[in-house]
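In my numbering, the protein residues as written are 196 to 680. Each residue gets a CB set at the ideal place from its N, CA and C atoms; glycine is no exception. Small disclaimer: the values here were computed from a predicted structure and weren't measured. Structure, as structure tokens:
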């Protein structure tokens, strides 16, 4: 009877199940004696209890969560929701093959197939690090020093191209030399710089372009190549929301995700060791307000996020202090709230430029116009300036509207229009300049209104700007957008 029962049990199992008596030494899960471990099955029978498993060596995460402490659950949940946002970044010099180096883009021969190796055979690595998603349309944030060499090479190529284009234009203006093209004598570069990233969900290298850099904060903005993402059937990594470093306390738990020594998706935890540290930036300047942490940061972690217990990015891991070059428990992150707004403005500007380049559908792209002024965006500074001028008693004392001008570039349309920015006297006293209260007759209440009015303007477009000085006198100026030099 026992033999018959044993045979029936064996028959009832699926054909790809395996009976194991004793301990499973090769698996990270040690079952009790006489337990059953499924092989390529999604069910395990253990102590008369059925446990669902993801594979023959991995138990479903919801069952493992039961054994975690509250602190461990918090860390695990952050890793699950944020790790997909972190990518590895590697810069290369790649062999030139009918490409153009302008703005880091690459145009490859139309006969290139998806099976072609990326980066191409013969590429040489310049360096690597980490980056993380900050928007849902492929914009990433990393350290400037991670892509510095590639960026400098691309900028050099752009300057050379522009120089020869200028020379060509001047030569063609001479009737006897109209058929001569100096660019034909330009030696073709053997290599070009390109940035590639790898997403958590794929081992495929995706090219991306450098959108902008801020060396003084040691940060750079990248964007994934949308066509390459579509070709590889990949989705954009989800963005990590930003937090405030000003809300941090020493001793608070933090988490770092990155790719140290090429080990992707490495997670380390620690605490905020200190706040308001000053470190020497890649541009040689002092970066103030940095976050010190003992979360392990190693070569390759640069550009990755430092995350608080709410899953918000509070800093970009940028450097360590070590006698060996590896983690010694003293790492630093640049706080994001010091540059987040400016980064988002750069991204919005880039979106507009890319949209204009698409053109009207007939291949005729437009170039974004440049006004050459910066406005005060900080609300605290704005309110202080309004208190300084005192609206009561002026000719227009209805409400605090308009935006103050922080600076005006020389030889810019704003400069030519006579727009007066704020000025510092004796290094401490602020002299109020003009305030923009309307553009083309539309009231400007804040910086958002101002950006909305000028973001889609193109080269050659003319606008009227209504200005108000510190005494309340208003005037209207006319200005025409130019191409940014």
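| Check | Outcome |
| --- | --- |
| Report buried or exposed for residue 345, applying the criterion of at least 16 other Cβ atoms within 10 angstroms of its Cβ. | buried |
| For residue 484, which option in 581, 511, 270 has the closest C-alpha, if you only look at C-alpha atoms? | 511 |
| Curious, which full-length beta strand (DSSP E) runs of at least 3 residues does the stretch 394-482 contain? | 400-409, 414-419, 448-453, 461-475 |
| Using 10 angstroms around the beta-carbon of residue 327, count the other beta-carbons present and answer buried if the total reaches 16, otherwise exposed. | buried |
| Tell me whether residue 581 sits in a helix, a strand or coil according to DSSP, three-state version. | helix |
| Which same chain residues end up closer than 6 Å to residue 603 when comparing Cβ atoms and leaving out the 5 residues on each side of it in sequence? | 568, 609, 610, 614, 616 |
| Tell me the residue span of the alpha helix (DSSP H) that contains residue 272. | 265-277 |
| For a test of the three-state rule: what should DSSP assign to residue 221, helix, strand or coil? | Confidence at residue 221 is low in this model, with a pLDDT of 35, below 50, so its placement is unreliable and no value can be given for it. |
| Just checking my contact of residue 527 with residue 486 at CB under 8 Å: how many whole Å lie between their CB atoms? | 7 Å |
| What residues in its chain sit with their C-beta under 6 Å from that of residue 444, if we drop five residues either side in the sequence? | none |
| Tell me which residue opens and which closes the beta strand (DSSP E) that residue 649 is part of. | Taken as a continuous stretch (DSSP letters only), residue 649 belongs to no beta strand (DSSP E), being part of the alpha helix (DSSP H) at 642-649. |
| Mapping DSSP to helix, strand and coil, what is residue 512? | strand |
| Take residue 535 and list the residues in its own chain whose beta-carbon comes closer than 8 Å to its own, dropping the five residues that flank it on each side. | 437 |
| How should residue 491 be labelled, buried or exposed, when 16 other C-beta atoms within 10 angstroms of its C-beta is the threshold for buried? | buried |
| Kindly indicate which three-state DSSP category residue 668 falls into: helix, strand or coil? | coil |
| At the level of alpha carbons, what is the spacing between residue 321 and residue 286? | 5 Å |
| Does the structure place the stretch 416-430 close enough to the stretch 393-401 that three or more beta carbon pairs sit under 8 Å? | yes |
| Cutting at 6 Å between CB atoms, please list the residues of its own chain near residue 462, excluding the five before and the five after it. | 274, 452 |
| Going by DSSP, name the residue or residues bridged to residue 565. | 677 |
| If you measure from the CB of residue 563, is any heavy atom of the ligand ZN nearer than 7 Å? | The model depicted lacks the ligand ZN and carries no ligand whatsoever. |
| By how many angstroms is the C-alpha of residue 493 removed from the C-alpha of residue 675? | 50 Å |
| Quick one: what does DSSP say residue 656 is sitting in, helix, strand or coil? | coil |
| Name the DSSP bridge partner or partners of residue 386? | 290 |
| Let's test the definition: count the other Cβ atoms within 10 Å of the Cβ of residue 469 and tell me whether it reaches 16, buried, or not, exposed. | exposed |
| Check residue 487 in the structure and name its three-state DSSP category. | strand |
| Would residue 576 and residue 406 be called neighbours here (beta carbons separated by less than 8 Å)? | no |
| Under DSSP, the alpha helix (DSSP H) around residue 611 begins and ends at which residues? | 608-611 |
| Please return the same chain residues whose Cβ sits closer than 7 Å to the Cβ of residue 522, not counting the five positions on each side in sequence. | 491, 492, 493, 515 |
| Among 464, 480, 637, which has the Cα closest to the Cα of residue 410? | 480 |
| In three-state terms, what does DSSP make of residue 262? | helix |
| Taking 8 Å as the threshold (C-beta atoms), are residue 529 and residue 414 in contact? | yes |
| Got a sec, what are the start and stop residues for the beta strand (DSSP E) residue 319 sits in? | 319-328 |
| Give the secondary structure of residue 136 by DSSP, where H, G and I count as helix, E and B as strand, and everything else as coil. | This structure cannot speak to residue 136, because the chain is shown only from 196 to 680. |
| If we ignore side chains and look at the alpha-carbon of each, how far apart do residue 630 and residue 641 end up? | 11 Å |
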